[in-house]
Structure formats: structure tokens, C-alpha cells
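The structure appears right after this line, and notes come after that.
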Amino acid sequence: EPEVTQTPSHQVTQMGQEVILRCVPISNHLYFYWYRQILGQKVEFLVSFYNNEISEKSEIFDDQFSVERPDGSNFTLKIRSTKLEDSAMYFCASKTEETQYFGPGTRLLVL
Amino acid sequence: EDQVTQSPEALRLQEGESSSLNCSYTVSGLRGLFWYRQDPGKGPEFLFTLYSAGEEKEKERLKATLTKKESFLHITAPKPEDSATYLCAVNSGGYQKVTFGIGTKLQVIP
């Protein structure tokens, strides 16, 4: 069964460094998403992406964040200058009809 | 703004002891209500999508139902492998985002 994949599974970085989280959505899906989950808290929406542009973003998704679909299969989330509070699990999702399917996540730790 | 409230926050059941998890929601124009299962350190795993009041869906020991204000996830004769956090989420109006509840952490004891 097709699934969303994410790399790396874990990432440790120093505050102020740039990180790129990578995702391969399910191949015939057209809508792509990033969410995050801080330990013990709700899953929170960051951004949605359709037809090579951002279709919706939350207030969390500020100028430090960007997304890109560099080729026909990958979807990336870049954090330009990481902060301690960016430490969280980051989930990629892709959608068919109304249902979003999630990847296994990247655990980001900012020191 | 969409809101999702789940109860209880935690539930401990004996193996075989059936129960229900509740999800209350407030949205403007429901497009879909979703149930996911999340194991520790993993991504949400899709279980069900419900679209309109009165709809029901089943999968193995799980059954999801929907009214205009809430959804229930019924677990019949649970097994230890059903232990996980169950997340409820909604999508509404013309928005792409899905709004999640905090989840119910279920523990099934042998």
C-alpha cells in the first residue's frame, strides 16, 4: 500500500542553523501538508501546498519557514534559523479526496 | 475557528471490556471528521472519515459514528494491541487545514 515517507527520522541541530526536512508524498496525490506536534501537545497545522504554491498557512508558519516541491516526488520544509521552540515532531501529509495520510515524522531537536 | 474536544484524556480497559471515546466538535460547515490512531513516536495512522450526521463506519473492533455535534469511536472487546492514542480531527468550510483534538490515550490491559 502506498505511503508517505519522511527523512531524516531524527535531526539534531544547533540554534540558528538551517534545517531541511524531506517528504515523499503518495504518488497520485495533489495536495501536500506539513504539521508539527510538540511533545504532549496537539498536532498543529503549518501549511498546505497545491499546484506549486502555498494554498493556506497558519500563524506558526512565519518568514523562517518555507516549502518547496523541487521535483516531481519530493516536498520539503525549510526552517532558516532554528529556535529552541522549533523542537517538535514534524509530519508531512498528502491528500486524496478529503482524507490526509500522514508520514512517520521527523523528530527535530534544537539545542 | 474550528474546535475539537476529546474525552476522556486517558482510558484504561481490561482486555475484552468494550467502551467508547468521545469527540465533540464546533465547525462552520463540516467537510469531514477523521479518526486516526497514533502510536508513541509515530505519525497518525488513518482509521475513518465521516462526512455527515448518521454515518457509521466499522473496521475490525472499531466503529465510528457521527452526529451534528459529536463523534464516537466504539471499541468492542479490545485487545492489548489496540493500546494507542486515538485522535479526532475535522476539516471545514473552504479550508485545507485539519484541526486535531488532544487525543484519548487508551491502554488495554491483558
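Residue numbers (the numbering used here), protein chains in the order written: chain A, 1 to 111; chain B, 112 to 221. Note that CB positions come from ideal geometry on N, CA and C, so glycine has one too.
With a 10 Å radius around its C-beta and 16 neighbouring C-beta atoms as the bar for buried, classify residue i as buried or exposed.
i                      : result
residue 116 of chain B : exposed
residue 6 of chain A   : buried
residue 220 of chain B : exposed
residue 179 of chain B : exposed
residue 25 of chain A  : buried
residue 170 of chain B : exposed
residue 96 of chain A  : exposed
residue 81 of chain A  : exposed
residue 39 of chain A  : exposed
residue 73 of chain A  : exposed
Going along the chain, which residues of its own chain have a beta-carbon closer than 6 Å to the beta-carbon of residue i, five neighbours each way excluded?
i                      : result
residue 209 of chain B : 200 and 202
residue 196 of chain B : 149, 214 and 216
Please report the straight-line C-alpha distance between residue i and residue j, rounded to a whole angstrom.
i                      : j                      : result
residue 21 of chain A  : residue 47 of chain A  : 14 Å
residue 124 of chain B : residue 52 of chain A  : 47 Å
residue 118 of chain B : residue 130 of chain B : 12 Å
residue 152 of chain B : residue 102 of chain A : 13 Å
residue 120 of chain B : residue 62 of chain A  : 31 Å
residue 18 of chain A  : residue 85 of chain A  : 14 Å
residue 136 of chain B : residue 211 of chain B : 10 Å
residue 37 of chain A  : residue 104 of chain A : 12 Å
residue 188 of chain B : residue 156 of chain B : 21 Å
residue 186 of chain B : residue 174 of chain B : 7 Å
Going along chain A in order, which residues have a C-beta closer than 8 Å to the C-beta of residue i?
i                      : result
residue 153 of chain B : 104 and 105
For a contact defined as C-beta to C-beta under 7 Å, what are the partners of residue i on chain A?
i                      : result
residue 160 of chain B : 98 and 99
residue 204 of chain B : The contacting residues do not exist; residue 204 of chain B stays about 11 Å from chain A at best.
Go through its chain and collect everything with a Cβ distance to residue i's Cβ below 7 Å, but skip five positions before and after it.
i                     : result
residue 8 of chain A  : 106
residue 60 of chain A : 44 and 46
Please list, in chain order, the chain A residues whose beta carbon lies closer than 9 Å to that of residue i.
i                      : result
residue 198 of chain B : 42 and 43
- Meets three-Cβ-pair contact criterion under 8 Å: the region 31-42 of chain A and the region 77-95 of chain A: Short answer: they touch.
- Item | Contact between the region 176-192 of chain B and the region 150-167 of chain B (3+ Cβ pairs under 8 Å) | Judged by pairs of C-beta atoms under 8 Å, the region 176-192 of chain B touches the region 150-167 of chain B, as three or more such pairs exist.
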